[in-house]
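**Q**
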Amino acid sequence: MILREIAHSRTGDKGNTSNISVIAFREEDYKLLERYVTAERVKAFFSEHVKGEVVRYCLPNIGALNFVMHNALGGGVTCTLAVDIHGKSLSSAILEMDIPAK
Amino acid sequence: MKKMRIGSGAGYSGDRIEPAIELAEKGNIDYLVFECLAERTIAIAQQLKMKDPEQGYDPLLAERMEAVLPVCRQKRVKIITNMGAANPLWGMKKIVEVAKRLKLGGLKIAAVMGDDMLTIIRQGDYTISENGVKVSELEGRLVSANAYLGAGPILEALRSGADVIITGRVADPSLFLAPIIHEFGWSQEDWTKLGQGIVIGHLLECAGQVTGGYFADPGYKEVPGLARLGFPLAEVSENGTAVITKVPGSGGRVTPATCKEQLLYEIHDPSSYLTPDVVADFTGVRLEQIQEDHVMIQGGRGKPKTGKLKVSIGYVDSYIGEGQISYAGPGAVSKGRLARQIVLERLKLTGVKVDEIRADLIGVDSLHGPLLSRTSSDPYEVRLRVAGRTASMREAIRIGSEVETLYTNGPAGGAGATKETREVVAMLSTLIPGSLVKPEVHYEVIT
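Protein sequences appear in the order of chains A and B.
Residues 1102 to 1203, numbered by my numbering, are exactly what the first sequence covers, in order.
Residues 1244 to 1690, numbered by my numbering, are exactly what the second sequence covers, in order.
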């Protein structure tokens, strides 16, 4: 299945750094997120899009992960050549990530 | 237990206006906060101020004030906003002018000054946080340098009885933290309470983004009434617990899911969210739906502030030239690809110097590139977009022109060409000791 079936997501930007939250719809699915949505997989998923490090923070208190992706926005909102200057649509991309079905 | 209610009237400079009027009229709020200052906005405002010393505040300031001042005056709702941008003093004068025109008396307006660090940054030896380069290397291209102030000067204005407070750069959540501290008399060293206050401010600062805006995904996350989305308000208790809600009958939803998305919006390490007032920790936050569109928030914590302040620095970085053109029908994508190839070749042939260039097919792969953009069939229409970075405006103009000339020189059926150029004012940041920043509050009273 794809991530969209069990989680939702929002992207934020600070300079050239993008952060993507991945939040379980149901608390019991948080363990799946923690297990399968690793920083390494997210880095590989975005491949050439994210040029820097990807760091994952876990928030079991709200059933969510937060990915901080460095050098990910072509210079950031003020100077990028991209159509999506903030990287806001990256949250839609990550929801297509495959994870093993329950 | 004592309670106060605080509403969020704007999530960015161009935001909708009538949800703020709705909050003031029907939200039973004590404070209405407008956060309108994106990272780069202040640099652009600074450029306006350099041309005209009476400009440089938010262009929608008068319109917003005309809309909300009468009802806020009547209901004694205090207004706090960073719409002062690069010129809070003249922003204050504008508010006075609006109030007089509307014949609203008995108002004290305050302007918070002192975030402008351009002189100090020029004189000192500072290193840019993002790339380790010395700030002095930007000399000649520097446009603005503004420190993120904390709740302190707003608190001072509230204690002096100000009804409307206009600031320049202040950390967004601190705009909300200040009235909470003021109402409850919290110590400015009660890190736990301040951390929870920052959580509340952070949830409110993007207005509609916590009430169902930037959230809807049909079939997965439904949000009713987005055309008349209600903006949020928080009912905060003296112990820091808060309930996020909105005016009954307005559009949108407030659920743990909308609050969780906003809690992590633009956050890096959730255990150390640096603000001028406190280092907030979101890792103990608990959210609970207590009734429809009411979510209780508790468990935010904090650690002592670092004593350093972030200064965001605006500078002229480059120029961007851009052109777009559309193709439709059978072969639309192939024609778009051919057009792309022609423009890139022309830019080389004619010697346009670009530092960086990008050519996307909108409708195919413009957002996420070929790897993530899988399509099973060709779209009916595509739009080629070529954007390039150059060192001069002259060169930038040539990029759009090379797209436009596809009309008569490119593939069949090229349609709707547009071109534009812009100067890029980019932002970087540095840290300075908080002791160098000396905020001042100016007042005007309308009798």
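In this text, a Cβ means the ideal position worked out from N, Cα and C, and glycines have one as well.
Who are the near neighbours of residue 1312/B in its chain, counting only those whose CB is closer than 7 angstroms to its CB and skipping five residues on each side?
**A** Result list for residue 1312/B: 1341, 1342, 1345 and 1347, in chain order.
**Q** The stretch 1516-1527 of chain B: which residues have C-beta closer than 9 angstroms to a C-beta of chain A, in chain order?
**A** Against chain A - using a Cβ distance shorter than 9 angstroms - the residues of the stretch 1516-1527 of chain B are 1525, 1526 and 1527.
**Q** Identify every residue that forms a DSSP beta bridge with residue 1638/B.
**A** Paired residues: none, contrary to the question.
**Q** Considering only the beta carbon of each residue, do residue 1325/B and residue 1418/B sit closer than 8 angstroms?
**A** Their beta carbons are under 8 angstroms apart, which means residue 1325/B touches residue 1418/B by this criterion.
**Q** Along chain A, which residues have their Cβ under 8 angstroms away from the Cβ of residue 1670/B?
**A** 1116, 1177 and 1179, listed in chain order.
**Q** Is it the case that the stretch 1298-1313 of chain B contacts the stretch 1250-1262 of chain B, given that we only count it when at least three CB pairs across the two stretches are under 8 angstroms?
**A** Yes, the stretch 1250-1262 of chain B touches the stretch 1298-1313 of chain B.
**Q** DSSP on residue 1676/B, reduced to helix/strand/coil?
**A** It is a strand residue.
**Q** With distances taken between CB atoms, is the gap from residue 1607/B to residue 1646/B smaller than 8 angstroms?
**A** Against a cut-off of 8 angstroms, the Cβ pair of residue 1646/B and residue 1607/B comes out as no contact.
**Q** I believe residue 1191/A touches residue 1112/A by the beta-carbon criterion, under 8 angstroms. Please report the beta-carbon distance rounded to the nearest angstrom.
**A** Sure, about 5 angstroms apart at Cβ, within 8 angstroms.
**Q** Which class does residue 1293/B belong to by DSSP, given the choice of helix, strand or coil?
**A** If DSSP states are grouped into helix, strand and coil, residue 1293/B belongs with the helices.
**Q** Go through the stretch 1319-1391 of chain B residue by residue and report every complete run of the alpha helix (DSSP H) that reaches 4 residues or more, in order.
**A** With a minimum length of 4 residues, the continuous alpha helix (DSSP H) runs that stay inside the stretch 1319-1391 of chain B are 1331-1344 and 1361-1366.
**Q** Alpha carbons only, please: which of 1140/A, 1202/A and 1148/A is nearest the one belonging to residue 1166/A?
**A** Selected option, being the one with the closest Cα: 1140/A.
**Q** Mind checking residue 1244/B: buried by the 16 CB within 10 Å criterion, or exposed?
**A** Exposed is the call here.
**Q** So what does residue 1529/B bridge to, in DSSP terms?
**A** Answer is 1541/B, bridged to residue 1529/B.
**Q** Taking just the CA atoms, how far does residue 1557/B sit from residue 1602/B?
**A** Answer to the nearest angstrom: the Cα atoms are 27 angstroms apart.
**Q** Using the C-alpha atoms, what's the distance from residue 1331/B back to residue 1194/B?
**A** Residue numbering for chain B in the displayed model covers 1244 to 1690; residue 1194/B lies beyond these limits and cannot be assessed.
**Q** Can you check which of these residues, 1452/B, 1466/B and 1445/B, is closest to residue 1517/B by C-alpha distance?
**A** The candidate whose alpha carbon is nearest that of residue 1517/B is 1445/B.
**Q** Would you mind reading off the limits of the alpha helix (DSSP H) that contains residue 1397/B?
**A** Taken as a continuous stretch (DSSP letters only), the alpha helix (DSSP H) holding residue 1397/B covers 1395-1402.
**Q** Could you list which residues in chain B have their beta carbon closer than 8 angstroms to that of residue 1113/A, in chain order?
**A** By Cβ distance, chain B contributes 1507, 1508, 1509 and 1510.
**Q** Using a Cβ cut-off of 8 angstroms (strictly closer), state whether residue 1174/A contacts chain B.
**A** Chain B contact via Cβ: absent.
**Q** Check the Cβ of residue 1383/B against every Cβ in chain A and list those closer than 8 angstroms, keeping chain order.
**A** Residues of chain A passing the Cβ test: none, with the nearest at roughly 18 angstroms.
**Q** Measuring only between beta-carbons, confirm whether residue 1592/B sits less than 8 angstroms from chain A.
**A** Output row for residue 1592/B: interface = no.
**Q** Using Cβ-Cβ distances below 8 angstroms, what residues of the stretch 1583-1615 of chain B are close to chain A?
**A** Within the stretch 1583-1615 of chain B, the residues whose Cβ lies closer than 8 angstroms to some Cβ of chain A are 1599, 1600, 1601, 1603, 1605, 1609, 1610, 1611, 1612, 1614 and 1615, listed in chain order.
**Q** Keeping to the same chain, check which residues put their C-beta closer than 8 angstroms to that of residue 1580/B; ignore five residues upstream and five downstream.
**A** 1604.
**Q** I need the DSSP call for residue 1567/B, collapsed to helix, strand or coil.
**A** It is a strand residue.
**Q** Is the CB of residue 1183/A under 8 angstroms away from at least one CB in chain B?
**A** True, the Cβ-Cβ gap to chain B drops below 8 angstroms.
**Q** Distance cutoff 8 angstroms, beta carbons only. Does residue 1313/B sit that close to anything in chain A?
**A** So no, residue 1313/B is outside the interface.
**Q** Just curious, the alpha helix (DSSP H) that residue 1199/A is in, first and last residue?
**A** Element bounds for residue 1199/A: n/a, residue is neither H nor E.
**Q** Check the Cβ-Cβ distances between residue 1133/A and every residue of chain B, and say whether any is below 8 angstroms.
**A** Closer than 8 angstroms: no.
**Q** Since residue 1475/B is in the alpha helix (DSSP H), which residue starts that stretch and which ends it?
**A** Per DSSP, residue 1475/B belongs to no alpha helix (DSSP H); it is in the beta strand (DSSP E), 1475-1480.
**Q** How many whole angstroms separate the CB atoms of residue 1114/A and residue 1174/A, which I take to be in contact at a CB cut-off of 8 angstroms?
**A** So it is a contact: roughly 6 angstroms between Cβ atoms.
**Q** Would you say residue 1667/B faces chain A, with C-beta separation under 8 angstroms as the test?
**A** It does; some Cβ of chain A falls within 8 angstroms.
**Q** Hey, out of 1151/A, 1134/A, 1116/A and 1121/A, whose CA is closest to residue 1106/A's CA?
**A** That would be 1134/A, whose Cα lies nearest to the Cα of residue 1106/A.
**Q** Out of 1248/B, 1283/B, 1402/B and 1315/B, which one is the CA nearest neighbour of residue 1186/A?
**A** With distances taken between Cα atoms, residue 1186/A lies closest to 1283/B.
**Q** So which of 1491/B, 1500/B and 1420/B has the shortest CA-CA distance to residue 1479/B?
**A** Closest by alpha carbon: 1420/B.
**Q** Would DSSP call residue 1490/B helix, strand or coil?
**A** Three-state DSSP puts residue 1490/B in coil, outside helix and strand.
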